[in-house]
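A.B. asks: Encoded as structure tokens, here's the structure I'll be asking about.
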Amino acid sequence: MTRLIIVGAGASGMMAAISAAKNNKDIEIVILEHGMKHGRKILATGNGRCNLTNKKLDKECFRSHDGEFIDSWLKECDTDKIIDTFFEFGMLTYDKGGYIYPYSRQASTVNDILIKMCESLSVKFIFDAHVLDVEICDDKTFNVMTSVGFEENGVRKKKRETFMADKVILACGGKAYSSLGSDGSGYKMAKNLGIKMIPTVPALTGLKCRENVYKLGAGVRTNAKISLYVDHEMACEDEGELQLTEYGISGIPVFQVSRFASYGLLDGCKVHVNIDFMPEYTDEEIKRNIELFSGMGHHSIGNVLDGMINSKLKDLILAHCRIDALSYVSDLSIEEIDKIVANLKCFYSVITETNDFSQAQVCAGGVRLSEIDMNFQVKRIPGLYIVGELLDVDGICGGYNLHWAWLSGLIAGRDV
Ligand SMILES: Cc1cc2nc3c(=O)[nH]c(=O)nc-3n(C[C@H](O)[C@H](O)[C@H](O)COP(=O)(O)OP(=O)(O)OC[C@H]3O[C@@H](n4cnc5c(N)ncnc54)[C@H](O)[C@@H]3O)c2cc1C
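Below, the structure written as structure tokens:
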């Protein structure tokens, strides 16, 4: 009988276990999980609703340093395959404009269904089992060195235990949101095995800005277009609901561009964003509206802008332009009006830092894809598989990171 050890009871680990159990006879599957529960991160996804995949599946939605095979994987395991897989597990899904959620709108449904499937296929879970290292003992087997918790006279203690395995799947996630389990220990294991890595950085996270006027706008949510520049070259842009915070900017469009900021800053480059706070309007239209509204008895620039944008955003823009909100529009110079319009359409902001891993939804970088074959097996180490966020693939917001976790788990489990 083949003994498969999976490290991590998260999205990719549980999917790999189910796939391995369904596709392989004569297999014993053990999942070692250092937390006390399965799928803690799954429960937090999609604001508790779990956006598990997306109808628009394109290789452009996934970023990697060597992603030439991502397209082939996506063709092999597309959105319908994931929806059908969960249907076969007994779960209905719901399509909200292409974003796929469980029909229950509860992330716990996804987690529960994976746990039930694992249990019905006799997958064994060992909790409070922190895997420290994986050792190749001979050409065929592995020693999985673990620190396992146990109870003695009501006191929780730890002991070292080595699990022998014929095959191992590393499914321990990256190091984003470590409070939900993934603490980066998978990278250390891979590194100790001589596996090549791409430096890891926080992705899908907020950006800290140099300008101190952001405090004035904290709490504002507004539609905006964000263009991110690295050393004055545009790296990425996105439009959606921007959130202004005490430290700078957040929200989906910021998350989408954040990994480029992370890598730019890591490389010591200058990183800045241009924010278009009124993407639906041209400069000329904004200017015309200011003139028009000021002639309707609104008089002050503050009053005029109140009819156009969020009032806190107005405070931020006027403070940045050093223009008093009570100034009459008729008293402002052409240059001052132009300055207001320019800042509404192209607010220049220097990015000093990204939020750290503890506040990032995913981790960019990780194990190089060139290290694994099409079945997620490490080329140099037969029997060892690496799946999920541990690999150098980060998806944009919209269900892509979980799609990657399911996809890699399904394929690796089948291959085992
Ligand atoms: C707040 C938040 C919201 C998100 N929302 C979405 C969303 O809606 N849609 C989407 O597609 N993606 C979303 N993501 C990203 C997505 O959750 C992850 O990309 C995905 O869970 C990664 O799956 P994984 O199996 O690789 O890792 P994880 O799900 O992180 O699982 C790894 C498991 O391994 C365990 N582990 C780690 N190290 C060890 C060790 N040494 N020994 C034993 N066990 C170990 C961990 O405890 C954990 O249980 C979100 C992420 C966050 C943080």
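One point on numbering: in our numbering, the residue at position 227 of the sequence shown is 437, and numbering is uninterrupted.
Glycine residues also receive a C-beta, built at the ideal position from the N, C-alpha and C atoms.
What residue range does the beta strand (DSSP E) around Pro463 cover?
C.D. replies: Element bounds for Pro463: not the beta strand (DSSP E) but the alpha helix (DSSP H), Ile462 to Leu476.
A.B. asks: For Thr295, which three-state DSSP category applies?
C.D. replies: In the structure shown, Thr295 sits in a helix (DSSP, three-state: H, G or I).
A.B. asks: Does the separation of the CB atoms of Glu546 and Ile533 fall below 7 Å?
C.D. replies: Glu546 places its beta carbon less than 7 Å from that of Ile533.
A.B. asks: Alpha carbon to alpha carbon, how far is Lys326 from Ala226?
C.D. replies: Roughly 14 Å separates the two Cα atoms.
A.B. asks: I'd like the list of long-range same chain contacts for Val551, defined as Cβ closer than 7 Å, with 5 residues on each side in sequence excluded.
C.D. replies: Asp493, Ile496 and Lys497
A.B. asks: What did DSSP end up calling Tyr387 once you bin it into helix, strand or coil?
C.D. replies: coil
A.B. asks: Of the residues Lys555, Lys406 and Asn353, which one's Cα is nearest the Cα of Ala434?
C.D. replies: Lys555
A.B. asks: Report the rounded CA-to-CA distance for Lys430 versus Ile459, giving the unit in angstroms.
C.D. replies: Per the sequence shown, residue 430 should be read as Val rather than Lys. Rounded to the nearest angstrom, the two C-alpha atoms are 10 Å apart.
A.B. asks: Look at the alpha carbon of Glu421 and the alpha carbon of Thr455, and state the distance between them as a whole number of angstroms.
C.D. replies: 12 Å
A.B. asks: Pull up the distance between the alpha-carbon of Ala219 and that of Pro412, whole angstroms please.
C.D. replies: 22 Å
A.B. asks: Examine the Cβ distances between the stretch 233-253 and the stretch 300-320 and report whether three or more of them are shorter than 8 Å.
C.D. replies: yes
A.B. asks: Based on the DSSP output, what are the partners of Pro412 in its beta bridges?
C.D. replies: DSSP output for Pro412 lists Cys573 as bridge partner(s).
A.B. asks: Which two residues bound the contiguous alpha helix (DSSP H) that contains Phe503?
C.D. replies: Asp493 to Phe503
A.B. asks: Could you give the distance in angstroms between the alpha-carbon of Leu620 and the alpha-carbon of Ser229?
C.D. replies: 5 Å
A.B. asks: In whole angstroms, what separates the C-alpha of Ser618 from that of Tyr313?
C.D. replies: Roughly 24 Å separates the two Cα atoms.
A.B. asks: Run through DSSP, which three-state label would Gly277 get?
C.D. replies: coil
A.B. asks: Compute every distance between the C-beta of Val341 and the non-hydrogen atoms of ligand 1, then say whether any falls below 6 Å.
C.D. replies: yes
A.B. asks: Since Arg366 sits in a beta bridge, which residues does DSSP pair it with?
C.D. replies: Glu361
A.B. asks: At the level of alpha carbons, what is the spacing between Thr295 and Asp516?
C.D. replies: Looking at the two C-alpha atoms, the distance is approximately 50 Å.
A.B. asks: Relative to the alpha-carbon of Lys601, which residue among Ile346, Leu612, Lys235 and Ile237 has its alpha-carbon at the smallest distance?
C.D. replies: This sequence places Leu at residue 601; Lys is not what is there. Comparing Cα-Cα distances from Leu601 to each of Ile346, Leu612, Lys235 and Ile237, the minimum goes to Leu612.
A.B. asks: State yes or no: is the C-beta of Pro463 within less than 7 Å of the C-beta of Leu452?
C.D. replies: yes
A.B. asks: Hey, Val378 and Phe352 are a contact pair by Cβ (cut 8 Å); roughly how many whole angstroms apart?
C.D. replies: 5 Å
A.B. asks: Using a Cβ-based criterion (distance less than 6 Å to any ligand heavy atom), does Leu594 qualify as near ligand 3?
C.D. replies: In the structure shown, ligand 3 is absent; the only ligands present are ligand 1.
A.B. asks: Would Asp338 count as contacting chain D if we go by Cβ distances under 7 Å?
C.D. replies: Judged by its chain identifiers, the structure shown contains no chain D, having just a single protein chain.
A.B. asks: So, helix, strand or coil for Ala428, using DSSP?
C.D. replies: Ala428 falls in the coil class under three-state DSSP.
A.B. asks: In the structure shown, what three-state DSSP assignment does His530 receive?
C.D. replies: In the structure shown, the three-state DSSP call for His530 is helix.
A.B. asks: I'd like to know whether the C-beta atoms of Thr410 and Gly608 end up nearer to each other than 7 Å.
C.D. replies: Not in contact: Thr410 and Gly608 (Cβ atoms no closer than 7 Å).
A.B. asks: With 16 as the cutoff for other CB atoms within 10 Å, does Ser540 come out buried or exposed?
C.D. replies: Classification of Ser540: exposed, given that the 10 Å Cβ count is below 16.
A.B. asks: How about Gly450: is its Cβ closer than 6 Å to a heavy atom in ligand 1?
C.D. replies: Using a cutoff of 6 Å, the CB of Gly450 does not count as near ligand 1, since none of the ligand's heavy atoms is closer than that.
A.B. asks: On the three-pair Cβ rule with 8 Å, is the stretch 278-291 touching the stretch 389-399?
C.D. replies: no
A.B. asks: Can you give the Cα-Cα distance for Asn257 and Gly384, rounded to whole angstroms?
C.D. replies: 20 Å
A.B. asks: Ends of the beta strand (DSSP E) at Thr562?
C.D. replies: Phe557 to Thr564
A.B. asks: Residues in its own chain within less than 6 Å of His248 by CB, not counting five upstream and five downstream?
C.D. replies: Beyond the five residues adjoining it in sequence on each side, His248 comes within less than 6 Å, by CB distance, of Ala219 and Ile325 in the same chain, given in chain order.
A.B. asks: Between the alpha carbons of Cys271 and Gly478, how many angstroms are there, rounded?
C.D. replies: 26 Å
A.B. asks: Using alpha carbons as the reference points, say which of Ile485, Ser389, His530 and Phe487 lies closest to Gln571.
C.D. replies: Ser389
A.B. asks: Taking all protein chains shown into account, do 16 or more other C-beta atoms lie within 10 angstroms of the C-beta of Met444, making it buried, or fewer, making it exposed?
C.D. replies: exposed
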